[in-house]
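S.K.: Okay, handing you the structure first.
There are 2 protein chains.
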Amino acid sequence: MKSLGIHILVELFHCNKEKLKDLESIKQVMKKAALSARATVICDAYHKFGEEGVSGFILIAESHLSIHTWPEHRYAAVDLFTCGKHMDPWIAFDLLASDLEAEHKVSMEVKRGEVFQDQEE
Amino acid sequence: MKSLGIHILVELFHCNKEKLKDLESIKQVMKKAALSARATVICDAYHKFGEEGVSGFILIAESHLSIHTWPEHRYAAVDLFTCGKHMDPWIAFDLLASDLEAEHKVSMEVKRGEVFQDQEE
Chain A
707 MKSLGIHILV ELFHCNKEKL KDLESIKQVM KKAALSARAT VICDAYHKFG EEGVSGFILI
767 AESHLSIHTW PEHRYAAVDL FTCGKHMDPW IAFDLLASDL EAEHKVSMEV KRGEVFQDQE
827 E
Chain Z
707 MKSLGIHILV ELFHCNKEKL KDLESIKQVM KKAALSARAT VICDAYHKFG EEGVSGFILI
767 AESHLSIHTW PEHRYAAVDL FTCGKHMDPW IAFDLLASDL EAEHKVSMEV KRGEVFQDQE
827 E
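Top line first, the protein sequences correspond to chains A and Z. So that you can map any letter, position 24 of the first sequence is 730 in our numbering, and since no number is skipped, the others follow by simple counting. So that you can map any letter, position 60 of the second sequence is 766 in our numbering, and since no number is skipped, the others follow by simple counting.
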C-alpha cells in the first residue's frame, strides 16, 4: 500500500489574539509558511469575518494549506494536505505556530488515498 | 468542552475517471454540494494539472470545502471544515460521492478547536 497524500491537521491554542484578527498578518504568515515549506503556490483566497476571525486558503501544486481563526478563543485551525516528497510540511507549521505566538499546539497526521502500489485503473 | 468546528475527511474510491479529470464537472459538483449542504459560498478556485487531476476549494462562511482528484487511481480526497449548526455536511458528501460515481467511500470526523465552554480570553 502507498498513500497518495498526507493530511496534517494542526490545532494552535493560546495564540496572539490581535494577529488572529489581522487579515494582512494572516496572509503574510500563510504565504511565508507555504514558501518556507517549499510549496508551489497556485492561488489563494482570504475572508475576514467582521470584527472576528479570518479564513484563508492557499491552493498549492502539492494540494493545499488552510487556516481558520477564532480570536475570541485565541485559537487557529490549520491544515496542510500535501502529496509528493519535496515539501516539508512541518516547517510550515512551526513557522505558523511561532508567528501566531501559539503557546500550545496539537497535530494529527492522516494518510489520504491509500491504494495498492500498482493500482492504476 | 465544546468544539468550534467539525472537520470531515472523506475518501472517495473507484470514482468515474473521466469526471475526476474534468475541471468543469468538478466545479459544478462542488458548487452543487456546497449549496445543497446550505453553505454560504464566499469564493472558489480550481486548478487542473495537465492531463491529470483537479484541485479545488470553496471558501464558505462556515469554513471550507476542498477536493483533490487522482483520475489514474479513480480516487478523490474531499474535506469539509464546518462551524455552526445550520449546515448538513453529509448532504455534500453524499452528493459528491453520487455525482463522481464513487463505489466506495470512507469518512473520518475530527473535532477541531476543543475549548472550555466559557473560554473567551
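Note that CB positions come from ideal geometry on N, CA and C, so glycine has one too.
Measuring CB atoms only, is the region 709 to 723 of chain Z touching the region 803 to 815 of chain Z, in the sense that at least three cross pairs come out at less than 8 angstroms?
M.R.: Touching, yes, given that three or more Cβ pairs across the two stretches are closer than 8 angstroms.
S.K.: Who are the neighbours of Met814(Z) on chain A, taking C-beta pairs under 9 angstroms?
M.R.: Residue 814(Z) sits at position 108 when you count from the first residue of the second sequence. Under the 9 angstroms cutoff, chain A gives Val816.
S.K.: Between Cys749(Z) and the rest of its own chain, which residues show a CB-CB distance below 6 angstroms, the 5 nearest in sequence each way excluded?
M.R.: Locating residue 749(Z) in the second sequence gives position 43, counting from the first residue. Leu765.
S.K.: Given a limit of 9 angstroms on CB to CB distance, which residues of the region 749 to 770 of chain A reach chain Z?
M.R.: Going along the region 749 to 770 of chain A in chain order, one finds Cys749, Asp750, Ala751, Tyr752, His753, Phe755, Ser761, Gly762, Phe763, Leu765, Ile766, Ala767, Ser769, His770 with a Cβ nearer than 9 angstroms to chain Z.
S.K.: Quick one: list the residues of chain A neighbouring Leu806(Z), beta-carbon separation under 7 angstroms, in chain order.
M.R.: As a first step, residue 806(Z) is located in the second sequence; it is residue number 100 there, counting from the start. Result: empty, since nearest Cβ-Cβ is about 14 angstroms, beyond 7 angstroms.
S.K.: Leaving out five residues before and five after Phe822(Z) in sequence, what residues of the same chain have Cβ atoms less than 7 angstroms from its Cβ?
M.R.: Residue 822(Z) sits at position 116 when you count from the first residue of the second sequence. Only Met707 meet the Cβ criterion.
S.K.: First and last residue of the alpha helix (DSSP H) that includes Ala805(Z)?
M.R.: Translated into the one-based positions of the second sequence, residue 805(Z) becomes position 99. Note that residue 805(Z) corresponds to Asp in the displayed sequence, not to Ala. Taken as a continuous stretch (DSSP letters only), the alpha helix (DSSP H) holding Asp805(Z) covers 795 to 805.
S.K.: Which chain A residues are close to Val821(Z), counting only those with a beta carbon under 7 angstroms from its beta carbon?
M.R.: In the second sequence, counting from the first residue as 1, residue 821(Z) sits at position 115. The contacting residues are His779, Tyr781.
S.K.: Tell me which residue opens and which closes the beta strand (DSSP E) that Glu820(Z) is part of.
M.R.: To locate residue 820(Z), count along the second sequence from 1; it is residue 114. Its beta strand (DSSP E) spans residues 810 to 821.
S.K.: Is it buried or exposed, Ser709(A), if we count other Cβ atoms within 10 angstroms and call 16 or more buried?
M.R.: Translated into the one-based positions of the first sequence, residue 709(A) becomes position 3. Answer is exposed; the Cβ neighbour count stays below 16.
S.K.: By DSSP's criteria, Thr746(Z) is part of a beta bridge. Which residues make up the other side?
M.R.: The sequence position of residue 746(Z) within the second sequence is 40, counting from 1. Beta-bridge pairing links Thr746(Z) to no other residue.
S.K.: Verify the CB distance criterion: does Glu827(A) have a CB-CB separation below 8 angstroms to chain Z?
M.R.: In the first sequence, the residue the question calls residue 827(A) occupies position 121. Summary for Glu827(A): the model assigns pLDDT 48, below 50, so the residue's position carries little reliability; its value from the coordinates is reported in the next sentence. It does; some Cβ of chain Z falls within 8 angstroms.
S.K.: Check each candidate in Ser742(Z), Lys754(Z), Asp785(Z) and name the one with the smallest Cα separation from Gly819(A).
M.R.: Taking the first sequence and counting its residues from 1, one reaches residue 819(A) at position 113. Residue Asp785(Z) is the option with its Cα nearest to Gly819(A).
S.K.: Measuring alpha carbon to alpha carbon, tell me which residue in Ala782(A), Ala798(A), His779(A) is nearest Thr788(A).
M.R.: The residue you call residue 788(A) lines up with position 82 of the first sequence. Nearest C-alpha to Thr788(A): Ala798(A).
S.K.: Using a Cβ-Cβ cutoff of less than 7 angstroms, which residues in the same chain neighbour Val740(A) once the five nearest sequence positions on both sides are dropped?
M.R.: Working through the first sequence from its first residue, we reach residue 740(A) at position 34. A quick correction: the sequence has Ala, not Val, at residue 740(A). Cβ within range, chain order: Val747, Ile764, Ile766, Leu771, Ala798.
S.K.: At which residues does the beta strand (DSSP E) containing Glu717(Z) begin and terminate?
M.R.: Residue mapping note: residue 717(Z) aligns to position 11 of the second sequence, counting from 1. Element bounds for Glu717(Z): 708 to 719.
S.K.: Compare the C-beta of Ile714(Z) with all C-beta atoms of chain A and state if any pair is closer than 8 angstroms.
M.R.: Along the second sequence, one-based indexing puts residue 714(Z) at 8. False, the Cβ-Cβ gap to chain A never drops below 8 angstroms.
S.K.: Grab me the residues of Ala803(Z)'s own chain with a C-beta within less than 8 angstroms of its C-beta, minus the 5 sequence neighbours each way, in chain order.
M.R.: Here residue 803(Z) refers to the residue found at position 97 when the second sequence is read from its first residue. Hits under 8 angstroms: Val716, Leu718, Lys811.
S.K.: To which residues of the same chain is His774(Z) closer than 6 angstroms at the C-beta, ignoring the five residues directly before and after it?
M.R.: Counting from 1 along the second sequence, the entry for residue 774(Z) is found at position 68. Excluding sequence neighbours, His774(Z) sits near Ser761, Ala783.
S.K.: Along the chain, where does the beta strand (DSSP E) containing Phe787(A) start, and where does it finish?
M.R.: Within the first sequence, numbered from 1, the residue matching residue 787(A) stands at position 81. That run of the beta strand (DSSP E) goes 781 to 788.
S.K.: Which residues in chain Z sit within 8 angstroms of Gly790(A), going by Cβ to Cβ distance?
M.R.: One-based indexing of the first sequence puts residue 790(A) at position 84. Chain Z residues near Gly790(A): none, gap ~12 angstroms exceeds 8 angstroms.
S.K.: Please say whether Ala751(A) and Ala745(Z) have beta carbons closer to each other than 8 angstroms?
M.R.: By 1-based counting over the second sequence, the position of residue 745(Z) is 39. By 1-based counting over the first sequence, the position of residue 751(A) is 45. Not in contact: Ala745(Z) and Ala751(A) (Cβ atoms no closer than 8 angstroms).
S.K.: Express the C-alpha separation of His720(Z) and Leu726(Z) in angstroms, rounding to a whole number.
M.R.: If you number the second sequence from 1, residue 726(Z) lands on position 20. If you number the second sequence from 1, residue 720(Z) lands on position 14. So the alpha carbons of these two residues sit roughly 11 angstroms apart.
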